[in-house]
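Chemist: In order, the protein sequence lines correspond to chains Y and H. Take the first sequence: its position 110, counting from 1, is numbered 110 in full-length UniProt numbering, and each next residue is one higher. Take the second sequence: its position 35, counting from 1, is numbered 35 in full-length UniProt numbering, and each next residue is one higher.
2 protein chains.
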Amino acid sequence: MKPLQHPAIEDVTVEGILHALSDPVRVQILKEIMRSSAPKTCSDFLNLPDRVVPKSTLSQHFRVLREAGLIRSERKGVELHNTPRCEELKPRFGQMIGAILTAYAEEYAEGKGG
Amino acid sequence: MKPLQHPAIEDVTVEGILHALSDPVRVQILKEIMRSSAPKTCSDFLNLPDRVVPKSTLSQHFRVLREAGLIRSERKGVELHNTPRCEELKPRFGQMIGAILTAYAEEYAEGKGG
DNA sequence: ACCATAGTTCATAAAAACGGAACAAGCGAA
DNA sequence: TTCGCTTGTTCCGTTTTTATGAACTATGGT
Numbered sequence: 001m002k003p004l005q006h007p008a009i010e011d012v013t014v015e016g017i018l019h020a021l022s023d024p025v026r027v028q029i030l031k032e033i034m035r036s037s038a039p040k041t042c043s044d045f046l047n048l049p050d051r052v053v054p055k056s057t058l059s060q061h062f063r064v065l066r067e068a069g070l071i072r073s074e075r076k077g078v079e080l081h082n083t084p085r086c087e088e089l090k091p092r093f094g095q096m097i098g099a100i101l102t103a104y105a106e107e108y109a110e111g112k113g114g
Numbered sequence: 001m002k003p004l005q006h007p008a009i010e011d012v013t014v015e016g017i018l019h020a021l022s023d024p025v026r027v028q029i030l031k032e033i034m035r036s037s038a039p040k041t042c043s044d045f046l047n048l049p050d051r052v053v054p055k056s057t058l059s060q061h062f063r064v065l066r067e068a069g070l071i072r073s074e075r076k077g078v079e080l081h082n083t084p085r086c087e088e089l090k091p092r093f094g095q096m097i098g099a100i101l102t103a104y105a106e107e108y109a110e111g112k113g114g
């Protein structure tokens with residue numbers, strides 16, 4: 001199958017990152033990929049806590065995250081192992097990604113509380 | 001004319017802010033509104049350094065920024081005076097917006113340098 | 001009233017996202 | 001190898017969003 005391509009850090013754009021993170025499903029995916037010590041696969045997200053996501057849609061979401069430079073996908077047998085690239089991105093984007101994820105986390109926390 | 005409506009701070013969403021800031025024209029507009037000591041109008045942006053933007057398109061961009069909670073628009077005579085709401089947003093979103101604008105600024109700086 | 005200016009809304013076209021169906025690729029068993 | 005199963009991608013029609021010229025509304029000056 002055609003090899004997956006990941007942008008070099010210098011080709012990653014702020015615009016691409018913001019677009020990728022302006023979708024709640026993609027944010028859930030990225031947060032879980034970052035939280036988990038083991039790599040996550042596409043199928044791990046077919047049943048989110050709040051909705052079912054078709055696999056074709058999930059595949060697109062992963063592509064957006066990958067092309068934005070936020071995750072790395074490696075083929076392992078029949079599945080794709082996805083890991084975060086946030087450490088690579090930190091020198092270039094500083095606290096931006098962390099600040100965004102923190103803001104999302106606080107927003108959801110407020111939503112639950114009231 | 002129908003009064004312009006601005007979301008209350010508690011109704012502003014991270015998703016809305018990221019969507020608003022994932023467009024380069026809107027980022028240019030917001031940065032200039034923040035930089036300028038005087039309020040800016042829609043027509044101030046008809047001729048951007050790198051492109052011409054039709055006024056109907058500009059009107060939509062301002063609406064997106066306004067509904068995202070990033071700017072406040074007040075009618076002054078025939079024109080709209082737009083001012084930033086970033087100070088209001090800071091307690092809720094911390095460094096997020098600043099980190100995003102800093103990342104954009106550094107990206108453009110690199111682009112010029114090489 | 002008339003005209004000029006600032007901005008919005010409408011109508012339509014172009015672009016992007018969604019999602020089911022078909023497809024491709026890897027793995028194990030026979 | 002071939003079959004069956006699983007994972008993920010691609011195709012394609014539908015829906016949603018965005019872009020923009022044209023028409024319209026609102027305000028101010030003369």
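From the three backbone atoms N, C-alpha and C, an ideal C-beta is built for every residue, glycine too. Please read all numbers here as calculations on a predicted model, not as lab measurements.
What in chain Y is Cβ-close to G94 (chain H), meaning under 9 Å?
Modeler: A99, T102, A103 and E106
Chemist: To the nearest angstrom, how far is it from the Cα of G105 (chain Y) to the Cα of R92 (chain H)?
Modeler: One point to set straight first is that residue 105 (chain Y) is Ala, not Gly, in the sequence displayed. Approximately 12 Å, taken between the alpha carbons.
Chemist: How many angstroms separate the CA atom of A8 (chain Y) from the CA atom of E110 (chain Y)?
Modeler: Straight through space, the alpha carbons of E110 (chain Y) and A8 (chain Y) are spaced by roughly 36 Å.
Chemist: So, is the C-beta of E67 (chain H) closer than 9 Å to a C-beta in chain Y?
Modeler: no
Chemist: To the nearest angstrom, how far is the alpha carbon of E74 (chain Y) from that of C86 (chain Y)?
Modeler: 16 Å
Chemist: Could you have a look at P39 (chain H) and say whether DSSP puts it in helix, strand or coil?
Modeler: coil
Chemist: According to a CB-to-CB cut-off of less than 9 Å, which residues of the region 9-27 of chain H neighbour chain Y?
Modeler: The residues in question are E10, T13, V14, E15, G16, I17, L18, H19, A20, L21, S22, D23, P24 and V27.
Chemist: Tell me which same chain residues have a C-beta within less than 8 Å of the C-beta of L80 (chain Y), skipping the five on either side of it?
Modeler: L4, T41, C42, F62, S73 and E74
Chemist: Under the three-state reduction of DSSP, which class applies to S73 (chain Y): helix, strand or coil?
Modeler: strand
Chemist: Can you tell me where the beta strand (DSSP E) with residue 118 (chain H) in it begins and where it stops?
Modeler: Since the first residue shown for chain H is 1 and the last is 114, residue 118 (chain H) is missing from the structure and cannot be characterised.
Chemist: Taking D50 (chain Y) as the reference, which of Y:I97, Y:L101, Y:P84 and Y:P24 has the closest Cα?
Modeler: Y:P24
Chemist: Helix, strand or coil, according to DSSP, for R63 (chain H) in the structure here?
Modeler: helix
Chemist: Return no unless some Cβ of chain Y is closer than 9 Å to the Cβ of A109 (chain H).
Modeler: no
Chemist: Mind the definition here: the region 14-30 of chain Y touches the region 55-69 of chain Y only if three or more C-beta pairs lie below 8 Å; say whether that holds.
Modeler: yes
Chemist: Look at the alpha carbon of G114 (chain H) and the alpha carbon of Y108 (chain H), and state the distance between them as a whole number of angstroms.
Modeler: Confidence at G114 (chain H) is low in this model, with a pLDDT of 46, below 50, so its placement is unreliable and no value can be given for it.
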